[in-house]
Amino acid sequence: MEQELLGVDILLNNGDFQANQAGDLSWTAGLDNLEQALVHRIRTVIGALIWHPEYGTIIQNLISKPNTDVLRSIISIELLRTLSEEPRIERINNLEVKELYTDTIVISLEIIPISSDKPENLLLRIKL
4 MEQELLGVDI
14 LLNNGDFQAN
24 QAGDLSWTAG
34 LDNLEQALVH
44 RIRTVIGALI
54 WHPEYGTIIQ
64 NLISKPNTDV
74 LRSIISIELL
84 RTLSEEPRIE
94 RINNLEVKEL
104 YTDTIVISLE
114 IIPISSDKPE
124 NLLLRIKL
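Mapping of the sequence shown onto this note's numbering: residues 4 to 131, in sequence order.
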(Lines of atoms letter the chains of each structure in order from A; the text may use other names.)
(Lines give C-alpha, C1' and ligand atoms only; values in the text may rest on other atoms or scores of the structure.)
Protein backbone atom coordinates (compact mmCIF):
# COMPACT_ATOMS: atom_id res chain seq x y z
CA MET A 4 0.00 0.00 0.00
CA GLU A 5 2.77 2.46 0.95
CA GLN A 6 4.55 1.70 -2.33
CA GLU A 7 1.39 2.49 -4.30
CA LEU A 8 0.82 5.79 -2.46
CA LEU A 9 4.40 7.01 -2.25
CA GLY A 10 5.54 5.66 -5.62
CA VAL A 11 8.44 3.86 -7.23
CA ASP A 12 11.31 5.44 -9.14
CA ILE A 13 14.84 4.80 -10.34
CA LEU A 14 17.32 5.01 -7.48
CA LEU A 15 19.77 7.88 -7.84
CA ASN A 16 22.86 8.71 -5.82
CA ASN A 17 23.85 12.36 -6.25
CA GLY A 18 22.15 12.30 -9.64
CA ASP A 19 23.82 9.11 -10.82
CA PHE A 20 21.97 5.91 -11.68
CA GLN A 21 22.63 2.95 -9.39
CA ALA A 22 23.01 -0.58 -10.74
CA ASN A 23 22.09 -3.72 -8.87
CA GLN A 24 24.20 -6.92 -8.87
CA ALA A 25 22.56 -8.08 -12.12
CA GLY A 26 23.60 -4.84 -13.82
CA ASP A 27 20.04 -3.52 -14.03
CA LEU A 28 18.89 -0.18 -12.67
CA SER A 29 18.08 -0.16 -8.98
CA TRP A 30 14.72 1.09 -7.78
CA THR A 31 13.47 2.95 -4.74
CA ALA A 32 9.94 2.71 -3.37
CA GLY A 33 7.67 3.94 -0.62
CA LEU A 34 9.09 6.31 1.99
CA ASP A 35 12.60 6.02 0.49
CA ASN A 36 11.21 7.17 -2.85
CA LEU A 37 9.44 10.11 -1.19
CA GLU A 38 12.68 11.08 0.54
CA GLN A 39 14.55 10.96 -2.80
CA ALA A 40 11.80 13.09 -4.40
CA LEU A 41 12.09 15.70 -1.62
CA VAL A 42 15.84 15.96 -2.15
CA HIS A 43 15.31 16.44 -5.90
CA ARG A 44 12.66 19.11 -5.28
CA ILE A 45 14.98 20.99 -2.91
CA ARG A 46 18.02 20.71 -5.21
CA THR A 47 16.12 21.94 -8.27
CA VAL A 48 16.31 25.69 -8.89
CA ILE A 49 12.81 27.09 -9.23
CA GLY A 50 12.06 27.79 -12.89
CA ALA A 51 14.62 25.29 -14.18
CA LEU A 52 11.97 22.87 -15.45
CA ILE A 53 10.25 24.47 -18.43
CA TRP A 54 7.03 22.45 -18.09
CA HIS A 55 6.93 22.88 -14.30
CA PRO A 56 8.26 26.41 -13.63
CA GLU A 57 6.89 26.44 -10.05
CA TYR A 58 8.79 23.26 -9.07
CA GLY A 59 11.91 23.72 -6.94
CA THR A 60 13.33 26.30 -4.55
CA ILE A 61 15.32 29.52 -4.44
CA ILE A 62 17.68 28.01 -1.87
CA GLN A 63 20.60 27.74 -4.31
CA ASN A 64 20.50 31.55 -4.58
CA LEU A 65 20.62 31.93 -0.80
CA ILE A 66 23.21 29.37 0.19
CA SER A 67 26.25 31.63 -0.42
CA LYS A 68 24.92 34.37 1.88
CA PRO A 69 26.29 34.78 5.43
CA ASN A 70 25.10 31.97 7.71
CA THR A 71 22.80 33.81 10.11
CA ASP A 72 19.63 33.03 12.05
CA VAL A 73 17.73 35.21 9.58
CA LEU A 74 19.07 33.26 6.59
CA ARG A 75 18.18 29.92 8.21
CA SER A 76 14.66 31.27 8.88
CA ILE A 77 14.28 32.37 5.24
CA ILE A 78 15.47 28.95 4.06
CA SER A 79 13.06 27.22 6.47
CA ILE A 80 10.15 29.27 5.09
CA GLU A 81 11.19 28.43 1.52
CA LEU A 82 11.45 24.74 2.42
CA LEU A 83 7.98 24.77 3.96
CA ARG A 84 6.62 26.46 0.82
CA THR A 85 8.11 23.97 -1.61
CA LEU A 86 7.55 20.84 0.48
CA SER A 87 3.91 21.78 1.06
CA GLU A 88 3.50 21.47 -2.73
CA GLU A 89 4.50 17.79 -2.58
CA PRO A 90 1.21 15.89 -2.99
CA ARG A 91 2.49 12.83 -1.08
CA ILE A 92 2.86 14.84 2.14
CA GLU A 93 -0.26 15.25 4.27
CA ARG A 94 1.39 17.46 6.88
CA ILE A 95 4.77 18.82 7.96
CA ASN A 96 4.99 18.92 11.75
CA ASN A 97 8.55 20.10 12.29
CA LEU A 98 11.22 21.45 10.02
CA GLU A 99 14.62 22.74 11.08
CA VAL A 100 17.71 23.78 9.16
CA LYS A 101 20.31 21.97 11.28
CA GLU A 102 23.48 22.92 9.42
CA LEU A 103 24.26 25.24 6.55
CA TYR A 104 27.52 25.20 4.63
CA THR A 105 28.58 26.86 1.39
CA ASP A 106 27.38 23.87 -0.68
CA THR A 107 25.42 21.65 1.72
CA ILE A 108 22.32 21.97 3.85
CA VAL A 109 21.19 19.56 6.57
CA ILE A 110 17.46 19.53 7.27
CA SER A 111 15.55 17.72 9.98
CA LEU A 112 11.82 17.30 9.43
CA GLU A 113 8.86 15.32 10.59
CA ILE A 114 6.21 14.61 7.98
CA ILE A 115 3.00 12.65 7.80
CA PRO A 116 2.71 11.02 4.37
CA ILE A 117 -0.68 10.85 2.67
CA SER A 118 -3.12 8.24 3.96
CA SER A 119 -1.02 7.71 7.09
CA ASP A 120 -1.25 8.89 10.67
CA LYS A 121 2.29 7.82 11.50
CA PRO A 122 4.86 10.64 11.60
CA GLU A 123 8.11 9.96 9.77
CA ASN A 124 11.35 11.66 10.85
CA LEU A 125 13.76 12.49 8.05
CA LEU A 126 17.27 13.90 8.17
CA LEU A 127 18.21 15.17 4.72
CA ARG A 128 21.80 16.08 3.89
CA ILE A 129 21.61 17.87 0.55
CA LYS A 130 24.58 18.91 -1.52
CA LEU A 131 23.48 21.87 -3.62
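In this text, a Cβ means the ideal position worked out from N, Cα and C, and glycines have one as well. Fair warning: this is a prediction, and the values are worked out from it, not measured in the lab.
Exercise. Give the secondary structure of A51 by DSSP, where H, G and I count as helix, E and B as strand, and everything else as coil.
Key: coil
Quiz prompt | Segments assigned alpha helix (DSSP H), at least 4 residues, entirely inside the stretch 53-107 | solution = 62-65 and 72-86
Self-check item: Run of the beta strand (DSSP E) containing I45, from where it starts to where it stops
Solution: No beta strand (DSSP E) holds I45; the alpha helix (DSSP H) holding it covers G33 to R46.
Quiz item: Taking Cβ to Cβ, would you say S29 is nearer than 7 Å to L15?
Solution: no
Quiz item: So, using beta-carbon positions, are I110 and I95 closer together than 7 Å?
Solution: no
Quiz item: Does the beta carbon of L34 come closer than 7 Å to any beta carbon on chain C?
Solution: In summary, chain C is missing from the structure at hand, where a single protein chain is found.
Quiz item: Within 10 angstroms of its Cβ, does I53 collect 16 or more other Cβ (buried), or is it exposed?
Solution: exposed
Quiz item: Is I80 near the ligand PLP, judged by its Cβ being under 6 Å from some heavy atom?
Solution: No copy of the ligand PLP occurs in the structure displayed, which carries no ligand at all.
Self-check item: Span of the beta strand (DSSP E) around L125
Solution: E123 to K130
Exercise. Return the first residue and the last residue of the beta strand (DSSP E) that D27 is part of.
Key: Element bounds for D27: n/a, residue is neither H nor E.
Quiz item: From L74 to K68, what distance separates their C-alpha atoms?
Solution: 8 Å
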